[in-house]
Amino acid sequence: MARGYRITTTHALVLAVLLLAGGANGWAQQDQRERDRQQMRGLDEEVQEIKSDVLDIASQLSLLEEKLLYPSGTQVAIFVALAPGDAMRLDAVRLKIDGQLVTHYIYSFKELEALRKGGVQRIYVGNVATGDHRLEVLVDGKGEGGQDYSRTEQFTFRKEVKPKLVELTLAGPDSGKSPIALGEL
Amino acid sequence: MRVPRRLLGLCLALGFGAGPAVCADLRDLYFGEALYHAYQGQYFDAIRRLDTELAQYHGLDEPRLDTLHYHVNQAEFDVGDFELDYRMHRRAGRAIKAVLEGAVDEAVRNEAAFRLARIHFQKDQLDDAQHALARIQGTVPPAIREDVEFLRANIDMATGRPADAVTVLEPLHGDPSLAGFVAYNLGIALLQDGRQPEAIEQLDKAGQMPATDPAGLAIRDKCNLVLGSMLFESGDFERAKRSLDRVRLDGPFSNQALLRAGWAEASAGQYDRALVPWNILASREPTDIAVQEAMLAVPHAYASLDLNGRAALMYGRALELYSHQIERVDASIASVREGRFLDDLIREESRQDEGWVIRLRSLPGAPETYYLMELMASHDFQTALHNYLDLEDLRSRLDAWKTGLDAFDDIIRLRRQNYEPLLPGIDAQFRELDSRMRVRLEQREHLAKRLHAMLTAPRPELLATADEQVAGERLAVIEERLGDSGGPEADALRQRAARLRGVLTWRLETEYDDRLTTAYEHLNELDASVGALDRQYEAFVRTRQAATHSYVGYDARIERLRERVAAALQRVDLLMARQGHMIETVAVNQLEARRERLTAQQVQARYAVADSYDRAARAQSGAEGR
Numbered sequence: 306m307a308r309g310y311r312i313t314t315t316h317a318l319v320l321a322v323l324l325l326a327g328g329a330n331g332w333a334q335q336d337q338r339e340r341d342r343q344q345m346r347g348l349d350e351e352v353q354e355i356k357s358d359v360l361d362i363a364s365q366l367s368l369l370e371e372k373l374l375y376p377s378g379t380q381v382a383i384f385v386a387l388a389p390g391d392a393m394r395l396d397a398v399r400l401k402i403d404g405q406l407v408t409h410y411i412y413s414f415k416e417l418e419a420l421r422k423g424g425v426q427r428i429y430v431g432n433v434a435t436g437d438h439r440l441e442v443l444v445d446g447k448g449e450g451g452q453d454y455s456r457t458e459q460f461t462f463r464k465e466v467k468p469k470l471v472e473l474t475l476a477g478p479d480s481g482k483s484p485i486a487l488g489e490l
Numbered sequence: 056m057r058v059p060r061r062l063l064g065l066c067l068a069l070g071f072g073a074g075p076a077v078c079a080d081l082r083d084l085y086f087g088e089a090l091y092h093a094y095q096g097q098y099f100d101a102i103r104r105l106d107t108e109l110a111q112y113h114g115l116d117e118p119r120l121d122t123l124h125y126h127v128n129q130a131e132f133d134v135g136d137f138e139l140d141y142r143m144h145r146r147a148g149r150a151i152k153a154v155l156e157g158a159v160d161e162a163v164r165n166e167a168a169f170r171l172a173r174i175h176f177q178k179d180q181l182d183d184a185q186h187a188l189a190r191i192q193g194t195v196p197p198a199i200r201e202d203v204e205f206l207r208a209n210i211d212m213a214t215g216r217p218a219d220a221v222t223v224l225e226p227l228h229g230d231p232s233l234a235g236f237v238a239y240n241l242g243i244a245l246l247q248d249g250r251q252p253e254a255i256e257q258l259d260k261a262g263q264m265p266a267t268d269p270a271g272l273a274i275r276d277k278c279n280l281v282l283g284s285m286l287f288e289s290g291d292f293e294r295a296k297r298s299l300d301r302v303r304l305d306g307p308f309s310n311q312a313l314l315r316a317g318w319a320e321a322s323a324g325q326y327d328r329a330l331v332p333w334n335i336l337a338s339r340e341p342t343d344i345a346v347q348e349a350m351l352a353v354p355h356a357y358a359s360l361d362l363n364g365r366a367a368l369m370y371g372r373a374l375e376l377y378s379h380q381i382e383r384v385d386a387s388i389a390s391v392r393e394g395r396f397l398d399d400l401i402r403e404e405s406r407q408d409e410g411w412v413i414r415l416r417s418l419p420g421a422p423e424t425y426y427l428m429e430l431m432a433s434h435d436f437q438t439a440l441h442n443y444l445d446l447e448d449l450r451s452r453l454d455a456w457k458t459g460l461d462a463f464d465d466i467i468r469l470r471r472q473n474y475e476p477l478l479p480g481i482d483a484q485f486r487e488l489d490s491r492m493r494v495r496l497e498q499r500e501h502l503a504k505r506l507h508a509m510l511t512a513p514r515p516e517l518l519a520t521a522d523e524q525v526a527g528e529r530l531a532v533i534e535e536r537l538g539d540s541g542g543p544e545a546d547a548l549r550q551r552a553a554r555l556r557g558v559l560t561w562r563l564e565t566e567y568d569d570r571l572t573t574a575y576e577h578l579n580e581l582d583a584s585v586g587a588l589d590r591q592y593e594a595f596v597r598t599r600q601a602a603t604h605s606y607v608g609y610d611a612r613i614e615r616l617r618e619r620v621a622a623a624l625q626r627v628d629l630l631m632a633r634q635g636h637m638i639e640t641v642a643v644n645q646l647e648a649r650r651e652r653l654t655a656q657q658v659q660a661r662y663a664v665a666d667s668y669d670r671a672a673r674a675q676s677g678a679e680g681r
């Protein structure tokens, strides 16, 4: 009985506290919350509009940048992809075109994950004259077992009048695939 | 009714949070680049890339020859998905509607209708969602078949037709990634339909389903929490406890489950057992609402066990905690009002990974962030915060572009300075070379025509060598000088000249075919050289054009872009100010609500501590009296 009494008083106290916190104040808060929500929806619409506008500016800028800095006659873009299902941990890629270092890229965890999921990284965009060019690719990473892995390969690609796209597909030492495969478009 | 709707939202967020599909054979590198950005959560860059690609693709005369053609349907869907992920629902809807209205096959149209319905549902536009689902007819791609039905059931539940939802959900058993959500929603639909015993059985089943992935584990926890709460409210404390015990201790619902598990034990009169979950809870993050409640529940259990001294001590600790938390809330409110909260949120280094919200809370000297996790639990706050962060990202991009446009101006100016003095001289040289080339090309054409004519009307004399031509001309002079002169000496000379003429003619006639062949070979060799010359000529023309194009015709375009960037920057600044103010208002409102709650708990603890001391004192004097 004593235990029952205590439960009742405590519950009564809790109820009183809840009533204290709720009631008129609670209604006012709910009202305020509804007003906030309405305002937020309005703002959300405006934010969506400005995002759309900025995306359009970005698109115009990309075209301008491409025309100004990488005209199609000299443009070369190099892409990096991982062979499907490859478990290599790619640490870095270094590229030389005609003996000149053009990029040395170190990968973050997020970037590596994106490559593993099938994303393709545009690692380099630049300009070269029409004709044949030498491309040296150095890959640093770790194999499936955690062992250090480094590989260098040389390729030749031909630049025509149209923009040149070069795809490098990388595979780890345990995959049984070609470590660096070159594809040209 | 409100709770299930909120839960539906959770299911939707968890169930449809999958990323874009990976193509087995990726043919378009730029599409792959868009995916690369999307997989890293860089949706702005992903949309920009894919938008550009799709615009170029649709502008082609023969899009079938483009590499994007292999992925175009996927790309159209993905751009809509990325827009959704970037919280651009209106644009995403438009993109998907465009697919829906386009000339696509039935399966693609049905998938588009499903995606459109999903967007409408997420935006709480239930009629539109139903309308979009009604457009699904005929072949539905197997990959989305269960998703479509799951969404249909969600809409049924949200529009107050739980019985229909039950009918839709019951046969869904195929997709393991949906299994937990289907089982949970079926339980909720049964509950909404007033079939409580069946709902309890269903949730009980759902709460014991195998799960390994975080989403599956979370929904299973949710099932057990909801079921435990239902059973608790219906007075079945023992079963409620069993259900709540199944909630993982490290999951997102563990604090609520521990609190309710304690209440289930306490309500059954087992205070000693209630202390187990409540004591675990009391040692957790003190800003959590369940933890703050546990601080009162623990001494209440001790008091119920007649351990009044211990209860008084624990009420004292609760009082201390509430006072401290009220101070922190006050500091948070003050700090938020000073604008420091927004400054913390946009710190670049604090947003490097997914755990930034948790780390932000432990920033030294930043009271405004203490209750951030609690604020993040509110959908409104999250939306406002994400919008604010997106605006900050836009602002930094626009700032960078403004500088970039100035750099473009510099590049153009330097190119103009470089090329303008050089080009007139180069053009003059080129014109001279061009006229010489034209003369030579005309000569080549003339030779080719003559050789062609000689195939049908042989002219051996035209293939005579220079020596033979000289010899022929000398013979002609000799023959002319001999004229008609008579005498034996003149006759002998005439005969010799005729013999020589005969030799010359013989050679030209007999060697004619070989010479004609050789002449053709030489013409072909000349063609090779002319071809090389043509290529060089074209390369020069291209380079010359490129030189002009590298600095001419950009001024107006850059100026227009500069104006647009400036206008956008102004709008972003304005929106950021309004959005920031909204965040601060929401944060302050929620913190004030929390403060009220803490104050009420403090009052309660204060009464309870006095009450416990009284009881302890009475118990002690009673014992002494005896």
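Chains P and G, in that order, give the protein sequences.
The opening residue of the first sequence carries number 306 in this note's numbering; numbering runs sequentially from there.
The opening residue of the second sequence carries number 56 in this note's numbering; numbering runs sequentially from there.
Just so it is clear, CB atoms sit at the ideal spot from N, CA and C, and this is done for glycine as well.
Does the distance from the CB of residue i to the CB of residue j come in under 8 Å?
| i | j | result |
| --- | --- | --- |
| A187 of chain G | L171 of chain G | yes |
| V384 of chain P | V471 of chain P | According to the sequence provided, residue 384 of chain P is Phe. The question's Val does not apply to it. Taking 8 Å as the Cβ cut-off, F384 of chain P and V471 of chain P qualify as a contacting pair. |
| M143 of chain G | M345 of chain P | no |
| L105 of chain G | Y112 of chain G | no |
| V658 of chain G | G371 of chain G | no |
| A345 of chain G | L351 of chain G | no |
| M393 of chain P | A476 of chain P | yes |
| L440 of chain P | L400 of chain P | yes |
| L420 of chain P | L473 of chain P | no |
| G436 of chain P | K464 of chain P | yes |
| Q444 of chain G | L400 of chain G | The question names Gln, but residue 444 of chain G is Leu in the sequence shown. Yes, these two residues count as a Cβ contact at 8 Å. |
| I102 of chain G | E131 of chain G | no |
| V195 of chain G | D211 of chain G | no |
| G242 of chain G | A234 of chain G | no |
| V221 of chain G | L245 of chain G | yes |
List the residues that DSSP assigns as beta-bridge partners of residue i.
| i | result |
| --- | --- |
| F205 of chain G | Partner(s): none; F205 of chain G has no beta bridge. |
| L473 of chain P | P:V385 and P:L487 |
| E441 of chain P | P:K401 and P:Q459 |
| L406 of chain P | P:K401 |
| Y454 of chain P | P:G446 |
| I411 of chain P | P:A397 |
| G148 of chain G | Its beta-bridge partners do not exist; DSSP assigns none. |
May I ask which residues mark the beginning and end of the beta strand (DSSP E) holding residue i?
| i | result |
| --- | --- |
| R142 of chain G | Here R142 of chain G belongs to no beta strand (DSSP E), and DSSP marks it neither H nor E. |
| K401 of chain P | R394 to I402 |
| L518 of chain G | Counting along the chain, L518 of chain G falls outside any beta strand (DSSP E), and DSSP gives it neither H nor E. |
| G431 of chain P | Q426 to N432 |
Hey, residue i and residue j are a contact pair by Cβ (cut 8 Å); roughly how many whole angstroms apart?
| i | j | result |
| --- | --- | --- |
| L299 of chain G | A316 of chain G | 4 Å |
| Q177 of chain G | F436 of chain G | Actually they are not in contact, since the Cβ atoms of Q177 of chain G and F436 of chain G sit about 18 Å apart, beyond 8 Å. |
| Y91 of chain G | G424 of chain P | 3 Å |
| I191 of chain G | F205 of chain G | Wrong, their Cβ atoms sit about 13 Å apart, outside the cutoff. |
| L374 of chain G | R661 of chain G | 6 Å |
| I362 of chain P | L616 of chain G | 7 Å |
| A208 of chain G | N240 of chain G | 6 Å |
| V381 of chain P | K469 of chain P | 4 Å |
| L373 of chain P | Y609 of chain G | 7 Å |
What are the boundary residues of the alpha helix (DSSP H) that residue i is part of?
| i | result |
| --- | --- |
| Q600 of chain G | Y567 to H604 |
| E416 of chain P | F414 to R421 |
| T222 of chain G | P217 to L224 |
| L90 of chain G | L84 to Y94 |
| L109 of chain G | Y98 to H113 |
| K467 of chain P | Premise fails: K467 of chain P is in no alpha helix (DSSP H) and is neither H nor E. |
| L181 of chain G | L181 to A189 |
| E449 of chain P | Element bounds for E449 of chain P: n/a, residue is neither H nor E. |
| E117 of chain G | Looking at the DSSP string, E117 of chain G is not in any alpha helix (DSSP H), and its letter there is neither H nor E. |
| L171 of chain G | E161 to Q177 |
| R297 of chain G | F292 to D300 |
Query - Completely contained alpha helix (DSSP H) runs for the region 319-402 of chain G, where each covers 4 or more residues - result: Counting whole runs of 4 or more residues, the region 319-402 of chain G contains the alpha helix (DSSP H) stretches 326-337, 344-359, 363-392 and 395-400.
Requested in this report: Write down every uninterrupted run of the alpha helix (DSSP H) in the region 235-288 of chain G whose length is 4 residues or greater and which is fully enclosed by it, in chain order.
Outcome: As far as the region 235-288 of chain G is concerned, its whole alpha helix (DSSP H) runs of at least 4 residues are 251-261 and 269-288.
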